Structure formats: C-alpha cells, structure tokens
Amino acid sequence: MPGQSFVIAASVLILIVVIALVRSRRLSERLSIFWMTFAFLMLAAASFGYPYLIHAATLIGIIYPPSAMFLMAILFLLAFTLYLSMGLSGLMEQNKVLAQELALLRVQVERTHNRS
Amino acid sequence: MVPAYNEEKSIAATVAEIRAGCPEAAIVVVNDGSADHTSVVARETGVLVIDLPYNLGIGGSVQAGFKYAARNGFDAAVQVDGDGQHPAGQIDRLLEPLRDGAADLVVGSRFLPGSAGFRSSPQRRLGIYVFRIVIRLLGGRTITDATSGFRACNRAVLELFAEQYPRDYPEPEALLLAARRGFRVIEVPVEMRPRHEGRSSIRGLSELYYMVKVILAMLIETLRRPQGGK
C-alpha cells in the first residue's frame with residue numbers, strides 16, 4: 024500500500040528530526056519523549072497495527088477505521104498542547120518572580136552604591 | 069506605592085500630591101517597563117523607583133511594591149495609581165480604619181454615600197455593578213467599587229499580597245483573596261477625577277474580555293483552598 028509506506032516514511036522522518044534536535048540541544052529530552060512516542064505509535068500503526076486499529080474502531084463504535092486513527096492523533100496533540108500550556112504558565116510565573124526580584128535587587132544595589 | 073506605566077506626564081504631579089497629603093509616607097514608584105521617561109521623571113522628584121525590566125502588567129507591578137514593603141518592614145501599604153485619578157490628598161481616609169484596627173484592607177470607593185466626583189463611563193459602571201454582585205455572592209460582602217486601585221492595607225495583608233497576587237487585572241480578585249482569608253475589607257468614600265493624561269489600560273472590546281476574565285478568575289479562586297492569611 025503506498026499510503027502505508029508514506030506513513031512509515033513520515034514517522035521515520037519525524038524520529039530523525041527529533042533526535043537531531045535533541046542532539047543539538049534545541050529540544051529538551053523531556054519534550055522529545057512525547058514526539059518520539061508519537062512517531063513510534065505512527066510507525067507501529069502503519070506497519071502492523073491496522074488489524075488492531077479496525078478492532079479498536081469497532082469497539083468504540085467507529086465504522087471507518089482511519090477516523091479512529093485521526094481521533095487518536097487529535098487527542099494526543101490536544102494532550103500535548105495542554106501540557107505545553109501548563110509549562111508556559113509555570114514559566115510565566117517564574118518569569119514574573121524573576122523580574123520582580125531583579126528590580127528589587129537593583130534598588131538595593133543602587134542604595135549601597137549611593138551610600139559608599 | 070505608585071504603579072506607573074508610561075505616565076511621564078502625570079507621575080510628578082501624583083508624587084507631589086502624595087507628599088502634600090501624607091508627608092510621613094515613603095513613596096515608591098513601580099515603573100512597569102515604561103517606554104517613556106516615567107522612571108527618569110519619577111527619580112527627579114527624589115522618590116524611590118523600582119524599575120521592572122519589562123512590562124509585567126498592573127498585578128506584577130503592584131506585587132513588586134508589596135514585596136518591597138514586606139521586606140523593608142512597613143506597617144502598611146497604600147496604592148495610588150500614577151495617572152492622577154486618585155486623590156492622594158485623601159490617603160488619610162484610607163489609613164484611618166487601619167490605624168483604629170477597624171479593618172485590614174481599605175478601598176477608596178466612588179460609589180458610597182459621601183463620595184463625589186468622577187464616576188467613570190456608563191459601561192464601566194455596569195461592569196463595576198456586576199463585580200459588586202459577584203463579590204457579594206462569592207465573598208459574602210458588598211464592595212461598591214471593586215475595580216478601585218486606590219486602597220490601603222496593613223502588614224498582614226501586604227504580606228499575603230507579597231506572596232500571592234493576581235496577575236492581569238488584579239483589583240477585584242485581590243479583594244476576594246483577602247476576604248476569603250478572613251481579612252476585614254471595608255470601603256470609604258473618596259472623590260476621584262478623570263485621568264490627566266494617557267488612556268486607561270482597559271477600553272473597547274477588551275472591557276468585556278476584562279469582565280469575563282476577572283469573573284472567571286474569581287470563580288476559580290473560590291474553588292481553591294485559601295492558603296495563608298489569618
């Protein structure tokens with residue numbers, strides 16, 4: 024099936040890109056795990072997963088198996104963006120504290136500087 | 069303390085008015101990463117200026133002021149906006165209930181009997197009315213002017229706010245934060261003015277966004293278990 028080989032090629036490409044990014048430290052190990060899992064799931068689904076996909080699709084009442092795959096992919100991406108939003112919120116908070124501390128320290132430095 | 073964002077035209081007048089109205093106060097201007105000369109103009113008046121390295125929003129600036137107050141042993145903190153809307157001459161009205169021990173957090177209100185002067189635009193007043201109902205329901209007390217940033221608090225509340233303070237549009241939410249921790253929040257009538265210069269940070273469609281965001285934040289705050297406080 025050309026579709027199958029296309030998905031296999033795509034997932035291998037994602038794996039290579041992710042590993043290259045981690046190697047050059049442009050992607051953290053922690054976040055790379057998500058992407059690698061995603062790529063492996065795609066690879067598994069494309070190479071030997073189709074019978075399981077049909078089974079899973081009928082179980083949750085989806086007639087057209089590829090739809091089940093889309094659904095899973097969307098849920099995965101949704102979970103991932105939620106995780107990223109959480110990370111972002113944490114960073115925003117830390118960033119705020121850092122800016123405040125910096126400003127307060129600057130006041131102290133100026134004060135000691137003026138005194139001496 | 070005076071949070072200021074691009075207020076170079078009004079900051080000096082605000083500082084002078086606070087000096088005249090409350091000579092014993094230590095004045096701190098928190099410059100929220102202004103693009104204009106707010107910091108320079110404020111320094112020229114001789115007050116202490118906390119320069120945030122970039123814009124944090126009103127919540128982050130005010131909290132920086134509370135942190136300063138908490139670490140330097142102040143008994144009370146008064147917030148006066150840098151845009152000249154707040155009558156700095158009336159600071160004593162805010163401080164009186166704190167001195168008497170009658171309240172922990174005092175808000176200067178435009179809408180109490182005895183208040184006079186500028187009362188904001190009709191749509192803003194509608195928003196303030198909605199906050200009044202929401203705080204009534206969630207916090208169990210009536211605050212007529214929840215968005216007023218002209219307020220004073222004692223040591224216990226400023227320590228709380230140094231630790232936890234809402235971020236974006238903090239005024240109504242901060243009241244709920246304090247009220248839910250058992251602090252006594254009261255209002256006193258004050259007389260406000262329309263702003264001298266500059267524009268409000270909240271206008272147009274974002275007024276609606278502001279209201280929805282603040283109400284949502286207050287609802288979520290009531291889902292939290294209060295930490296700290298009395």
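As you go down the protein sequences, you meet chains A and B in turn. When the letters of the first sequence are read in order and numbered with the working numbering, they come out as residues 24 to 139. When the letters of the second sequence are read in order and numbered with the working numbering, they come out as residues 69 to 298. Each residue gets a CB set at the ideal place from its N, CA and C atoms; glycine is no exception. Bear in mind the structure is a predicted one, so any value in this text is a computation, not a measurement.
If you reduce the DSSP assignment to three classes, tell me which class Q147/B lands in. strand
Could you please give me the residues that DSSP links to C221/B through a beta bridge? A145/B and L173/B
Taking the alpha-carbon of V97/B as reference, which of V109/B, A88/B and G89/B has the nearest alpha-carbon? V109/B
Should V148/B go down as buried or exposed, given a rule of 16 or more other Cβ atoms within 10 Å for buried? buried
Chain A residues whose Cβ lies nearer than 8 Å to that of G128/B: K119, A122 and Q123
Straight-line CA distance for H154/B to P257/B? 12 Å
Using a 10 Å radius around the Cβ and a threshold of 16 neighbouring Cβ atoms, would you call P181/B buried or exposed? exposed
For Q131/B, does the count of other Cβ atoms within 10 angstroms reach 16, so buried, or fall short, so exposed? buried
Can you name, in chain order, every residue of its own chain whose Cβ lies under 7 Å from the Cβ of V202/B, other than the five neighbours on each side? I283 and M286
When you compare only the Cα positions, how much space is there between I97/A and A224/B? 48 Å
In chain order, what residues of the segment 145–167 of chain B put their CB closer than 8 Å to some CB of chain A? none
Go to L116/B, then tell me how far its beta strand (DSSP E) extends in each direction, as first and last residue. L116 to D119
Three or more C-beta pairs under 8 Å: does that hold for the segment 98–106 of chain B against the segment 96–116 of chain A? no
Residue environment, F218/B, which counts as buried when at least 16 other CB atoms sit within 10 Å: buried
If we call anything under 8 Å between Cβ atoms a contact, is A138/B one with L243/B? no
Please list the residues of the segment 105–117 of chain B that have a C-beta atom closer than 9 Å to any C-beta atom in chain A, keeping them in chain order. L116 and V117
Terminal residues of the alpha helix (DSSP H) in which P74/A lies: Y73 to L82
Please name the residue, chosen from A144/B, G141/B and Q158/B, that lies closest to E85/B on a Cα-to-Cα basis. Q158/B
Which residue or residues does DSSP assign as beta-bridge partners of A72/B? N99/B
Note the first and the last residue of the continuous beta strand (DSSP E) segment covering I25/B. In the structure as shown, chain B starts at 69 and stops at 298, and residue 25/B therefore has no counterpart that could be examined.
Would you please state the rounded distance, in angstroms, between the beta carbons of S129/B and V117/B? I believe it to be under 8 Å. Between V117/B and S129/B the Cβ distance is about 12 Å, and since that is not below 8 Å, they are no contact.
What in chain A is Cβ-close to A93/B, meaning under 7 Å? Going along chain A, no residue has its Cβ under 7 Å from A93/B, so there is no contact; the nearest lies around 17 Å.
Beta-carbon within less than 6 Å of A62/A's beta-carbon, same chain only, minus the 5 sequence neighbours each way: which residues are those? S34, I37 and L38
What residues from chain A crowd round Y136/B, counting only those whose CB sits closer than 8 Å? L127 and V130
Could you check whether M69/B and G127/B sit closer than 8 Å to each other, using their CB atoms as the reference points? no
As a quick exercise: from N74/B, V83/B, N123/B and P121/B, pick the residue whose alpha carbon is nearest that of D104/B. N74/B
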